[in-house]
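Enquirer: Per the numbering used here, the very first residue in the sequence shown carries number 2; after that it's consecutive.
Handing you this structure, nothing more for now.
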Amino acid sequence: MPVVFKIAWRYFFSKSRQTVINRINAIALLVIVVATAALMIVLSAFSGLKDFGLSFSNAFDPNYRVTSLLGKTISLDSAALSQLKAIDEIKAISPILEEKVFVSFEEKNQVAYLKGVGKDYLSVIPADSLIAVGEWLIPESNTIVAGFGIGAAMGLGVYDYGSLLNISIPRKNNSRRLSQNPFFTQNAVTIGLYQISEDIDKKYIFSNIDFARKLLQYPKDDFTSIEIKTVAGIDEKSLKRKIIAILGSEVAIKNRMALNTALYKMLNTEHLAIYLIFTLVLIIALFNVAGALIMMVLDKNPQMNILQAMGITPKKIRSIFFLLGMTIVAFGGGIGLILSSVVILIQQWMPFIKVPGTSLPYPVIWQLENLLLVMATLIVLGGIASAWASRSALR
2 MPVVFKIAWR YFFSKSRQTV INRINAIALL VIVVATAALM IVLSAFSGLK DFGLSFSNAF
62 DPNYRVTSLL GKTISLDSAA LSQLKAIDEI KAISPILEEK VFVSFEEKNQ VAYLKGVGKD
122 YLSVIPADSL IAVGEWLIPE SNTIVAGFGI GAAMGLGVYD YGSLLNISIP RKNNSRRLSQ
182 NPFFTQNAVT IGLYQISEDI DKKYIFSNID FARKLLQYPK DDFTSIEIKT VAGIDEKSLK
242 RKIIAILGSE VAIKNRMALN TALYKMLNTE HLAIYLIFTL VLIIALFNVA GALIMMVLDK
302 NPQMNILQAM GITPKKIRSI FFLLGMTIVA FGGGIGLILS SVVILIQQWM PFIKVPGTSL
362 PYPVIWQLEN LLLVMATLIV LGGIASAWAS RSALR
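What follows is the structure, given as structure tokens:
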């Protein structure tokens, strides 16, 4: 062990004859513990809130969605569908028909998105687990499942066969006569209400794909999108190459992040803002370390003459106090990380803090990325503070 580090280690554990300096050192160590723990806990809490928020969109969005770059629909015959299902990375696949429609029920009207799904849709998105009232779609029927927001706004009743929901869309035949109704309408029975999030609940209605095809007047092999569930740990570039080889290059393949670009940008911006705010708190805490180091330099000034007489150069004396500052940062940061990790893991496994006004546990997630980020921030800022404060040893 170098003599410089031995001396710094001894200074860290030895007490000064002046009580005020000991108290200043203790306060500096305590402040580092609190600031480090606060930064770790806040980042972990935001990670929990982020995961909780994304769980709503992830419950509705597939791993990948394929859409056309040239128009509204993709032509997908049974042979191409079989080839897609044979791809190793794909676990389940479901073609979709989706279009904006006009819905009416007992003189109440609203615009919504009709999403026609096939029997394989539940293998891609477990939408039946999201049903709050009623049940999922009955195959080969004119049943629909509406969002809770749509149901509340229009007063929809489940299994109300006496009052049908009217779903309309403009006719695609432009040669119609003037007396002909410009809208093509289909009647449906509401058998379920799902609940995901407020935005989605007010937007989508699910139906069987045959019902949607008849209403939307699309040819047999045309679909507006293809939703895909993949196995874990796939190579995204390889998957895209295989899909393009089957469907052609005129398709767009988007993962969940690409499907929710605005949401992910907002979350990343908030994460950066929270990190910078609490890093400022850590910077303020490091001023205490710098002040404690300066006081230690003044306190150990008589010993420096002895060290110089023993052949230790001024630069090495500065290194002693730099290492002393980094030792304070390391010990304080280490204790703060241990304490915060214990609190986070307890809240994660045995929640004791609830969201105000609810019985829901406050979401937190311990992540190695957050731990490494806090450690790196502490080392960099602590090194700067220690280097600045140790300059006084040269004077």
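Each residue gets a CB set at the ideal place from its N, CA and C atoms; glycine is no exception.
Within the chosen definition, does the segment 94 to 113 reach the segment 152 to 161 through at least 3 CB pairs nearer than 8 Å?
Expert: yes
Enquirer: Leaving out five residues on either side along the sequence, give the residues of the same chain with a beta carbon under 7 Å from the beta carbon of D129.
Expert: Sequence-distant partners of D129 (beyond 5 residues in either direction) whose C-beta falls short of 7 Å from its own C-beta, in its chain, are L123, W137.
Enquirer: List the DSSP bridge partners of S226.
Expert: I97
Enquirer: Using only CA atoms, which one of W367, V330, I339, S360 lies nearest to W350?
Expert: W367
Enquirer: For the alpha helix (DSSP H) holding P357, just list the boundary residues, first then last.
Expert: Segment: none, P357 is in no alpha helix (DSSP H) and carries neither H nor E.
Enquirer: On the criterion of 16 or more Cβ atoms from any shown chain inside 10 Å, does M267 qualify as buried, or is it exposed?
Expert: exposed
Enquirer: Can at least three beta-carbon pairs, one atom from the segment 320 to 339 and one from the segment 287 to 299, be found at a separation below 8 Å?
Expert: yes
Enquirer: For the candidate residues K120, G384, N143, whose alpha-carbon lies nearest to that of A189?
Expert: N143
Enquirer: For the segment 89 to 137, list the beta strand (DSSP E) runs that are entirely contained and at least 3 residues long, ordered along the chain.
Expert: 91 to 106, 109 to 118, 132 to 135
Enquirer: At what residue ranges does the segment 244 to 284 contain a whole run of the alpha helix (DSSP H), taking only runs of 4 or more?
Expert: 257 to 260
Enquirer: With a threshold of 8 Å, are at least 3 pairs of Cβ atoms found where one atom belongs to the segment 336 to 343 and the other to the segment 368 to 380?
Expert: yes
Enquirer: May I ask you to list the residues that DSSP assigns as paired with A147?
Expert: L194, I206
Enquirer: Assuming I307 contacts V5 (C-beta within less than 8 Å), just tell me the rounded distance between them.
Expert: About 15 Å; that fails the 8 Å criterion.
Enquirer: Is the Cβ-Cβ distance between L217 and L98 less than 7 Å?
Expert: yes
Enquirer: Looking at C-beta atoms only, is the number of pairs between the segment 222 to 238 and the segment 29 to 39 that lie closer than 8 Å three or more?
Expert: no
Enquirer: Out of N167, V118, E251, which has the shortest C-alpha to C-alpha gap to D211?
Expert: V118
Enquirer: Excluding five sequence neighbours on each side, which residues of the same chain lie with their C-beta closer than 8 Å to the C-beta of E237?
Expert: N256
Enquirer: For F47, count neighbouring C-beta atoms within 10 Å of its own C-beta (all shown protein chains included) and say buried if the count is 16 or more, exposed if not.
Expert: buried
Enquirer: I'd like to confirm the pairing. Which residues does DSSP put opposite Q187 in its beta bridges?
Expert: In DSSP, Q187 forms a bridge with I168.
Enquirer: Counting only runs of 4+ residues fully inside the segment 41 to 92, write out the alpha helix (DSSP H) ranges in chain order.
Expert: 79 to 86
Enquirer: Got a sec: is the Cβ-Cβ distance from A128 to anything in chain D below 7 Å?
Expert: Although the question refers to chain D, the structure presented lacks it and comprises just one protein chain.
Enquirer: Could you tell me which residues DSSP puts in a beta bridge with T231?
Expert: I91
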